[in-house]
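**Q** Quick note, the sequence shown lines up with residues 4 to 776 if you use the working numbering.
Think of the CB as a built atom: it goes at the ideal place given N, C-alpha and C, for glycine as much as any other residue.
Quick one: the structure is below, questions incoming.
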Amino acid sequence: MLYILAIIFFVVYLPSLVKEIIPNPKILNDLYKEKPPEGDVVIRENAIRQLTEEEILLLQPYLDNKDHIPPPYQWESSLINYDVTRIKAYIEKDYPDKQNNDYYYKMGYIRLFFPYHMHYRILGLRDSFDSFDSFDSEELPSNKSDYINTAEVVFTKSYAIVVKINTCELLEAGLNLSVRKKRQIEDYWQTGNLKPIDLSSAEKSNETITQLITEESEKVLTFEILNKRKNNQFETAIEDRSDSGILMIASYVLGVMGLLFFEHFQSFVLVVCSIICFILSMIASVIKREIHTEYVNHIKAQIKCNWPSYQKLRIDTKFDVYYPEYWKPFLPKKSDIPIDMQIGIYSRQLLSCGDYLSISEEVKNYGAPKFIAHNVLLAITGLILAVLMFFFTNSIEKFDFTYHQLTAPVTTWQIDDEKNLKNLSIQSMDRINLDLSSVWCDINNMQNKKDIYLQCNKIFFNINPIDSSKLNLFPLLPQSIQEIYHSNIFKMKKDLEVFVMTRLKKKILDARIDNNPIFKDYPKLKQDFKSEKAFQLIKIYDIDKAILTFDDSCNHLNLEPCDRIKNWLAILLPEDSSISSYNWSAVVDYAKSHHNIQKIEKLTSAEKIDRLVAQYRKNVLEQFIFDAKEKIVMLQNDENNLSIQFTNSIQLYDKNYKNIYDNKMLKEQLDYYNGILLGNNANLKISGIVTNVSYHNGAVSKLTISTDPNYNFDKNQLFSFSSPILINNFVFLLVILITLINSILIIWKKIANQQRLEKIINNYKNKIFEFTD
4 MLYILAIIFF VVYLPSLVKE IIPNPKILND LYKEKPPEGD VVIRENAIRQ LTEEEILLLQ
64 PYLDNKDHIP PPYQWESSLI NYDVTRIKAY IEKDYPDKQN NDYYYKMGYI RLFFPYHMHY
124 RILGLRDSFD SFDSFDSEEL PSNKSDYINT AEVVFTKSYA IVVKINTCEL LEAGLNLSVR
184 KKRQIEDYWQ TGNLKPIDLS SAEKSNETIT QLITEESEKV LTFEILNKRK NNQFETAIED
244 RSDSGILMIA SYVLGVMGLL FFEHFQSFVL VVCSIICFIL SMIASVIKRE IHTEYVNHIK
304 AQIKCNWPSY QKLRIDTKFD VYYPEYWKPF LPKKSDIPID MQIGIYSRQL LSCGDYLSIS
364 EEVKNYGAPK FIAHNVLLAI TGLILAVLMF FFTNSIEKFD FTYHQLTAPV TTWQIDDEKN
424 LKNLSIQSMD RINLDLSSVW CDINNMQNKK DIYLQCNKIF FNINPIDSSK LNLFPLLPQS
484 IQEIYHSNIF KMKKDLEVFV MTRLKKKILD ARIDNNPIFK DYPKLKQDFK SEKAFQLIKI
544 YDIDKAILTF DDSCNHLNLE PCDRIKNWLA ILLPEDSSIS SYNWSAVVDY AKSHHNIQKI
604 EKLTSAEKID RLVAQYRKNV LEQFIFDAKE KIVMLQNDEN NLSIQFTNSI QLYDKNYKNI
664 YDNKMLKEQL DYYNGILLGN NANLKISGIV TNVSYHNGAV SKLTISTDPN YNFDKNQLFS
724 FSSPILINNF VFLLVILITL INSILIIWKK IANQQRLEKI INNYKNKIFE FTD
């Protein structure tokens, strides 16, 4: 009986016992999702120890607060147990989702979570990928360490928490003693009072942690603050007190632009505003910015390390100060004895070191350095303004005009004959009044608009018009070419014979369709088919005349579609002529010996012939237009001809100009270009100042004329205070002067600073520096 009870008890309670002894397989479900990859070295030891009290205390925030666990990890609130296991393997990043950069750390098949930024101590692991654009949609990125790492971990249900990675322990990372010590030193540096490192209530509750923090807090610093003071006037003198220069430059630019705008708007308000801007710019250039009071620590410290390339000294663990570049030769790599130093508290700039290196003494003996920031801003701004004025306001041209007005009487030319213009001794800055005919705009630079007013920058004169016999003038064209433009070259009409034949053919066609069994059951389809197949006929007269006309025309101008027209004309011969359409000479001979050739053809065929003729007409005119334009371009490039370049666009009236961009008016286009060649073109009436003259074979070839109305002032008006030209000259000179002065000041200050630096260095070279015992 007892055996039976024992068996029943064992069977009933066995699952519970197993469940208590062996963890549920689901607990480690996420840890063991996959087998270790082939080739990976994974060494997992049994529990080597238990978590210490301090480690449990440091891990507790990660178990209590899910905000400390980043995605894609799933927060776990408890550990499976306190057993610590050691694992040796490569560490890699596993990206479960391609859409973002979230990843797990893994050693083999075990997911690792690193608390307190311990992942920075992984050996040989590259940075994470910033994007997945370069990866195939089937393949997730992998980032694996170059070396095997050793980790000690404890397990949760979903991941293992690292308590040691290589040589970095959880206690070291969690307490973060180096950072807390650095903060203590920073506070001491600012206040002069060395305060102990603060402990949290949890840290105070653990004796070991309290002892570690206290020991770190009480470590003796390698430097001592002797006293604290404000920086003196000599130390302040090395700082550039100039402001950013934005107000100065903005006022300067606005002043210049205001005077330049006066040329166009003629408003004295602009002059007043410009003067105010210049005054404001000068005031802004001398305003000094307020410098915050800098405090200086007088300390005794050893030099732990010197980085000359960064001009930096280390006087305590991770506590650096900075020194001037020219002190490099006089500072040791390290010192064995404490040295007197004076250092700016906020800037950490070394102001003195030892008995000789001293910023104050440098300023006392050699003066403060000279600052060039404002000079550089003014020089660069002035240079930009000068370049802009040179290219956009014609400043040099205005200076040249003013100079000629001062040094010589102005010559004014009244010109109404382009041939006389060629032979005149025109000089730069002469005034010229033109009233000429037969001018045209540069056809290579015409505006594409249909208007009778043409904006021109350059015009040409036809000094020697071409003889009309050398041009393709319409009345002088061969008779055959003129005839193809007559609307009756093909005489077509419907007479009684055409009407009867059309009816007859329709009846024959209808009878065939009615007898076709396909349409028997589809009356509507039959009717539609009859309508579709219906056709019209037309009689073509005087086919012989058309053949002879196109034969002569195509001999003169064999353009497309001559061959197709000839082919159609040959087809129009009577069927009893027995002449092949490919034997054109026989077709012509037949047309010469037979008159009044007629033929009834389908209307669609007649229309096709008509379209071919229209295309030929267009091609002939386009060829003539092309030839005319080629002759005009040759005239424009001829040095013996005369051209005028205008600094500003002028309006040229030409009633025929609007026709040259209408593709339906080819004949008018041809007349326009022929008119240029014949010398029958637009008239020009304009006044201006000659700014440049070119001669060829002793005659004027090219003129450049400025039509700026400001040049119309007489000498008295030119030199009045309201003269735009005088103001432009003044502004340009002012900008050049400011640019030159500041450029000279930059060079002078740089030379002065270099000489000052050489004197300081020579002075230090003559002294002996002792920084060691």
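Counting pairs of Cβ atoms below 8 Å between the stretch 585-593 and the stretch 641-657, do you hit three or more?
**A** no
**Q** Spatial neighbours of LYS688 within its chain, please: C-beta separation below 6 Å, excluding the five flanking residues on both sides.
**A** Result list for LYS688: ASP438, in chain order.
**Q** May I ask which residues mark the beginning and end of the alpha helix (DSSP H) holding GLN672?
**A** First-last of the alpha helix (DSSP H) with GLN672: 669-681.
**Q** Could you name the residues of the same chain whose beta carbon sits closer than 7 Å to that of ALA549, not counting the 5 residues immediately before and after it, in chain order?
**A** ILE492, PHE493, LEU572
**Q** Taking the C-alpha atoms as reference points, what is the distance between VAL156 and PHE116?
**A** Roughly 9 Å separates the two Cα atoms.
**Q** Within 9 Å of any Cβ in chain B, is that where the Cβ of ASP323 sits?
**A** Protein chains in the displayed structure number just one, and chain B is not present.
**Q** Would the stretch 73-88 and the stretch 155-171 be scored as touching if the rule is three or more Cβ pairs under 8 Å?
**A** yes
**Q** If you run the structure through DSSP and keep just helix, strand and coil, what is GLN430?
**A** Here GLN430 sits in coil by DSSP.
**Q** Starting from the N-terminal side, write out each stretch of the alpha helix (DSSP H) that is 4 residues or longer and does not extend beyond the stretch 470-516.
**A** 482-486
**Q** Compute the distance between the beta-carbons of LYS632 and ILE446, then report whether it is under 9 Å.
**A** Yes. Within cutoff.
**Q** State the CB to CB distance for the pair TYR369 and ILE764, rounded to an integer number of angstroms; the pair is presumed to be in contact (CB under 8 Å).
**A** In fact, because the Cβ distance is near 11 Å, the residues do not count as touching under 8 Å.
**Q** Could you tell me which residues DSSP puts in a beta bridge with ALA617?
**A** Looking at the DSSP assignment, ALA617 forms no beta bridge with any residue, so it has no partner.
**Q** Taking 8 Å as the threshold, find out whether the stretch 321-328 comes into contact with the stretch 283-295 through three or more Cβ pairs.
**A** no
**Q** With a threshold of 8 Å on Cβ separation, who are the neighbours of VAL299 within its own chain once the five nearest residues in sequence on each side are excluded?
**A** LYS231, ARG232, LYS233, ASN234, GLU238, GLN345, ILE346, GLY347, ILE348, LEU354
**Q** Kindly indicate which three-state DSSP category GLY370 falls into: helix, strand or coil?
**A** Judged by DSSP in its simplified three-state form, GLY370 adopts coil rather than helix or strand.
**Q** Just the C-alpha distance for ASN378 and ARG129, rounded to the nearest angstrom, thanks.
**A** 48 Å
**Q** Leaving out five residues before and five after ASN756 in sequence, what residues of the same chain have Cβ atoms less than 7 Å from its Cβ?
**A** Only PRO372, LYS373 meet the Cβ criterion.
**Q** Quick check on this structure: which residue in ASN686, LYS96, MET121 has the alpha carbon closest to the alpha carbon of ASN104?
**A** LYS96
**Q** What does the alpha-carbon distance come out to for the pair ASN519 and LYS510?
**A** 14 Å
**Q** With a floor of 3 residues, list each beta strand (DSSP E) that falls wholly inside the stretch 35-120, ordered by position along the chain.
**A** 46-53, 86-97, 107-110, 113-116
**Q** Going by the beta-carbon positions, is the gap between ILE628 and ILE679 smaller than 9 Å?
**A** no
**Q** Pull up the DSSP beta-bridge partners for LEU360, would you.
**A** CYS356
**Q** Only counting the same chain, and skipping five residues up and downstream in sequence, which positions put a Cβ closer than 6 Å to that of GLN758?
**A** none
**Q** Ignore the nearest five residues each way along the sequence and tell me which others in LEU476's own chain have a CB closer than 8 Å to its CB.
**A** ASN677
**Q** Please determine, among TYR85, VAL87, ARG89, VAL165, the residue with the shortest C-alpha to C-alpha distance to TYR119.
**A** VAL165
**Q** Please determine, among PRO481, SER596, GLU56, ARG614, the residue with the shortest C-alpha to C-alpha distance to ASN558.
**A** PRO481
**Q** Under the DSSP definition of a beta bridge, which residues are partnered with ASN146?
**A** Answer is LYS96.
**Q** First and last residue of the alpha helix (DSSP H) that includes ARG186?
**A** 180-194
**Q** Taking the beta strand (DSSP E) that ALA163 falls in, what are its first and last residues?
**A** 163-168
**Q** May I have the straight-line CA-CA distance separating ILE429 from TYR698, to the nearest angstrom?
**A** Each residue's alpha carbon lies about 10 Å from the other.
**Q** Between which two residues does the alpha helix (DSSP H) containing GLN305 stretch?
**A** Premise fails: GLN305 is in no alpha helix (DSSP H) and is neither H nor E.
**Q** Measuring only the C-alpha atoms, how far is GLU761 from PRO335?
**A** 21 Å
**Q** State the start and end residues of the unbroken alpha helix (DSSP H) segment that holds ILE383.
**A** Segment 376-395, the alpha helix (DSSP H) holding ILE383.
**Q** By the 10 Å Cβ neighbour count, where 16 or more other Cβ atoms means buried, how is SER338 classified, buried or exposed?
**A** Under this definition SER338 is a buried residue.
**Q** Taking the DSSP output, what are the residues bridged to GLN214?
**A** Beta-bridge pairing links GLN214 to no other residue.
**Q** Per DSSP, CYS459 is paired with what?
**A** ILE653
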